[in-house]
Structure formats: structure tokens, C-alpha cells
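Numbering (my numbering), first residue to last: 1 to 416.
What follows is the structure in C-alpha cells.
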């Protein structure tokens, strides 16, 4: 009996050790802005393997869990089908590889959460937020050491030099950085790490730094999203209606002043005026976006029923760019810069409606969580301006946080 008890105790220690190791790997996934996606893929693979081992040791009912998470998989099944049919096509192979996350994470992460009893979702959100802060501090320090923000030319042509150097140093496109930073700022404002005052001050300073950096980079959709965040915060604030109106007026004045005071933002917003007055130059980013939108809508309408397939959609767009005599668009292979149109062009209106329906199901549940409201709004708005799920960085951001929040028990959320 003693030997049996010792064996059981030893087995329990090993299982507990596996729980700890799997939890560390899971949390490490949320620091993905700091390291290469190849390393993150390795961490995800190890997490999946250890989760499978834990499931074999401690099997739990997972039927409902798996079925519930099919909403993350269904919109991307056509990529798998196309890959199977056209496996020798390099483009179909590449597009399928980018979506591999959605064929693994929606199964293994929810099962890990169920087996481990993981409840502290805010810890994962904070790890993500602080990783964005570390990346921001490093990138901003490098920019200022090189004196780039001090050169007037850094803000010409839509602040191209500034934004290009930021992307080169950070490894993140300014649009992707902006949505990471905005959501991280919200998480830092909403999540209380400790009752100590200095920690609250530090969190606030980090959040303000992220917001200032977003303004500095002058991504237009981020500016719009920030305004929406402010309006929601004002509306939710428990003050009198007249005070809310005064706060809204003060916010409008502040935004106007910022628009004129920040060189990069002023330049980016001025591009809209130049485009409207027909005085825009060929490299005006608004003109580029309008060309992209026109071609994306044209290709979508021409292939509305069945789509072009992921292996053909870029060529169809390039052909349209050439018809407009926009050589740069064809050479740089611009995607639709709209996630909804990307899905629609690839696989037609039926898959687009399925994608939107799955988003509705996902965010209806996420929206119940305080932090989920801002994440939900940011995703919906940025999907209008960027094909985020066509890059692995965007897939990790959307997939990790949405799967995490989606699988948190609503009762736990209510208690929090």
C-alpha cells in the first residue's frame, strides 16, 4: 500500500509539473510581439503536444467544447479544400499554411483551458500588453537615438520615412502595431494588477505612452478607433448628461488641436484633403487606398458566387491595377486591405456571410467581458482597413485573444 501511494504521489507530481509547463507555454504565446513568429509556432506546437498528453492522462468531456469552437474553423475550411485539390499550387499551399493556426488552436487551447481550469485570462492580456510596451520603448528609443523624429523629411509623403523606420525596427507594420497598442492601452486601464498606487501610476503611464505612439504613427483607422473608444468611455461614465456633453466638446477640441500639432498626423489627414481637391500626387496613400478599394469591389462583384480562390485572387487584383495604369499597385501586390473583401474575393458571398456570422457568434460572447468590448470594436473597425488575417501576426492577435475570451466561463466573468 505504501509503495502504491508513493507511485500515485509521484504520478501526481509529474502531472502537476506538466500542468505548470503547459501553462507557461500558453502564457508565453501572448508575448508574441516580442519574438519571431517561427518561435511562436514552436511554442504553439509544444503546447498542443503537452495538452494532448494531459488529455490522455486526465481525459475530460470535450465534445461541447470542440463544437463550440468550430466558429473559429468553419470560415477557413475552403483554404483546406483548395489546398487538397490544388496541393501543387505554391500560392494555395502558402495561403493554407498561413491559416494553419485555425486548424489547431481552436481545438487545443480550449481543451487546455478545460483541463487546467485556467481562469486568470487577465494575466494573459497583461502579458500581451506589457510585451507591446517593451517593444514600444525599444523602438521609440532607437528612433530617437537615430534622430529620425527630428527630421522634417521624416513626415513627408504620409510620414513614410518615420513609419518605414518604425516597421523596420519593431518588425510590426504601423497598422498592426496601432491595433496592438490601442487594445493594450485599454487592457492596462481596465485591469488592476495591484492595489498599490505606484503600480496604478505605472500602468497609466504605459497606457498613455502607447496612445501617444499610436498618434505619432498616424494610422487613420487607429485615430478613428481611438475616437470611438473615447466616446464609449464618455457614454459609460456615470456623470450627468450636461457633463458628458461638455466632455465630448472638450474631446473634439483636443482632437482638432492634436490633428494640427502632430506633424505626422497632420500630414496623413491632409492627404484626404489633397485627394478630395484632386491635387493629390501619385503616392498619396488615400489615392492608393481608393484604387485598391475600386479594384477589390470590381473583382468581388465579378466573382461573387464562387470567388477566385486564394491561388488566383492576387493576380485578379493585379490585372485590375494594370487596367487602371497603376503599375506600382501591380508590382507591390496590394491585397484588398479589407478582411471582409478578402474573404469575399477568395470564396464568394456565401463564405463572406458565414465569416460575418461566425464573427457575430464569437463577439456576442466576448462582448460580455469588459475588456472584450474594446477588443471587439477594434477588430471590426480594423478589418475594414486591413486584411489582418492574411498575415500571421494578425492571425495570432485575433486568434489568441478571441479564443481566450470566448472560452472563459461567463460565471467567472460575472464574479470578476
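From the three backbone atoms N, C-alpha and C, an ideal C-beta is built for every residue, glycine too.
Residue 290 sits in a helix when the DSSP states are folded into three classes. In this structure, residue 252 keeps its C-beta atom at 9 Å or more from the C-beta atom of residue 378.
Contact annotation, residue 241 with residue 188: C-beta distance approximately 29 Å; criterion of less than 8 Å not satisfied. Between residue 159 and residue 267, the C-beta spacing is below 9 Å. The C-beta distance from residue 349 to residue 304 rounds to 5 Å, short enough to fall under 8 Å. Secondary structure of residue 59 (DSSP, three-state): coil.
A direct Cα-to-Cα measurement between residue 48 and residue 366 gives close to 24 Å. If you look at residue 200, you'll find it in the alpha helix (DSSP H) that goes 197-217.
In this structure, the beta-carbon distance from residue 36 to residue 118 does not fall below 9 Å. Secondary structure of residue 191 (DSSP, three-state): coil.
With contacts defined by Cβ atoms closer than 9 Å, residue 286 and residue 274 form a contacting pair.
C-alpha of residue 337 to C-alpha of residue 329: approximately 12 Å in a straight line.
In this structure, DSSP gives residue 122 a helical state, which the three-state scheme calls helix. When only Cα atoms are considered, residue 247 and residue 353 end up about 38 Å apart. Taking the CA atoms as reference points, residue 245 sits about 10 Å from residue 239. For the pair of segments examined, the stretch 222-241 was found not to touch the stretch 391-398: the number of CB pairs separated by less than 8 Å stays below three. Boundaries cannot be given for residue 33, as no alpha helix (DSSP H) includes it and DSSP labels it neither H nor E.
In this chain, the alpha helix (DSSP H) harbouring residue 394 covers 392-406.
When C-beta atoms of the stretch 121-139 are compared with those of the stretch 199-214, three or more pairs fall below 8 Å, so the two segments count as touching. Selection 293, 408, 364 evaluated against residue 385 yields 293 as nearest (Cα-Cα). The Cβ atoms of residue 399 and residue 346 do not sit closer than 9 Å to each other. A residue is called buried once 16 or more other Cβ atoms fall within 10 Å of its Cβ, and residue 332, having fewer, is exposed.
When secondary structure is reduced to three states using DSSP, residue 138 falls in the helix class. Scanning 198, 106, 140 for the CA closest to the CA of residue 73 turns up 106. For residue 361, the CB contacts under 7 Å within the same chain, skipping 5 residues up- and downstream, are 71 in chain order. Under the three-state reduction of DSSP, residue 386 is assigned to coil, being neither helix nor strand. The C-beta of residue 175 has 16 or more other C-beta atoms within 10 Å across all chains shown, which makes the residue buried. Residue 359: member of the alpha helix (DSSP H) spanning 339-366, first to last residue. By the Cβ-count criterion, residue 199 is exposed, with fewer than 16 other Cβ atoms from all chains shown falling within 10 Å of its own Cβ. For residue 318, the CB contacts under 8 Å within the same chain, skipping 5 residues up- and downstream, are 329, 330, 333 in chain order. Beyond the five residues adjoining it in sequence on each side, residue 165 comes within less than 7 Å, by CB distance, of 143, 148 in the same chain, given in chain order.
For residue 152, no alpha helix (DSSP H) encloses it, and the DSSP letter there is neither H nor E. Per the C-alpha coordinates, the member of 243, 302, 320 positioned closest to residue 290 is 320. In the three-state reduction of the DSSP assignment, residue 75 falls in the helix class.
In this structure, residue 82 sits near residue 311, with a CB-CB distance shorter than 9 Å. For residue 111, the enclosing alpha helix (DSSP H) stretches over residues 101-116.
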